[in-house]
Amino acid sequence: MNFSSKIAPEETIIIARDYEEILKKIRNIELNLNSPEMQQKFENEKDESRKRDFVEQRKNIAILRSQLETAALEKIAASLKKLEPDLLKGIEDLTQAIDKVENTVNILTALKNVTGIIRRILSV
Numbered sequence: 000m001n002f003s004s005k006i007a008p009e010e011t012i013i014i015a016r017d018y019e020e021i022l023k024k025i026r027n028i029e030l031n032l033n034s035p036e037m038q039q040k041f042e043n044e045k046d047e048s049r050k051r052d053f054v055e056q057r058k059n060i061a062i063l064r065s066q067l068e069t070a071a072l073e074k075i076a077a078s079l080k081k082l083e084p085d086l087l088k089g090i091e092d093l094t095q096a097i098d099k100v101e102n103t104v105n106i107l108t109a110l111k112n113v114t115g116i117i118r119r120i121l122s123v
């Protein structure tokens, strides 16, 4: 990935929010497709091929939604696994800095370290 194609952190938040909204819409579609009303509508359908197609397509949307969720999680999980030791150390340092509340520079440094690691994890 070249520099010009990298996504800025604020764009990542927007993309994540859009992604969650899309997944929410797909989940709602799934719920509607599995509703008693929809089930009844297709049970009353006279065309057997339409019934089969409906069942197949309903199954497909569930599988694809799951794959969409999993793909994003797998990318993040791989990155998280790689950076986990750094993140855990950063969290520990930040927690200690917050607990001590002595030095704002230490808190800010630790906080920037943790947020930087999280950004690296999310920039997959």
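So the sequence shown is numbered by numbering that gives the first Met the number 0: it starts at 0 and just counts up by one. Glycine residues also receive a C-beta, built at the ideal position from the N, C-alpha and C atoms.
Give the straight-line distance between the Cα atoms of residue i and residue j, rounded to the nearest whole angstrom.
| i | j | result |
| --- | --- | --- |
| residue 145 | residue 36 | What the structure shows of the chain is the stretch from 0 to 123, and residue 145 is not part of that stretch, so it cannot be assessed. |
| residue 63 | residue 21 | 13 angstroms |
| residue 79 | residue 40 | 45 angstroms |
| residue 108 | residue 76 | 25 angstroms |
| residue 89 | residue 104 | 15 angstroms |
| residue 54 | residue 111 | 50 angstroms |
| residue 45 | residue 38 | 13 angstroms |
| residue 59 | residue 26 | 13 angstroms |
| residue 2 | residue 119 | With a pLDDT of 38 at residue 2, under the threshold of 50, the modelled position of that residue is not reliable, and the figure given next carries that caveat. One C-alpha to the other measures close to 14 angstroms. |
| residue 66 | residue 92 | 36 angstroms |
| residue 24 | residue 70 | 18 angstroms |
| residue 116 | residue 86 | 6 angstroms |
| residue 99 | residue 30 | 49 angstroms |
| residue 0 | residue 19 | Interpretation of residue 0 is limited by its pLDDT of 36, a score under 50 that renders its predicted location unreliable; the figure taken from the coordinates is listed afterwards. Taking the straight line joining both Cα atoms gives about 24 angstroms. |
Would you mind reading off the limits of the alpha helix (DSSP H) that contains residue i?
| i | result |
| --- | --- |
| residue 91 | 47 to 99 |
Under the three-state reduction of DSSP, which class applies to residue i: helix, strand or coil?
| i | result |
| --- | --- |
| residue 118 | helix |
| residue 43 | coil |
| residue 33 | coil |
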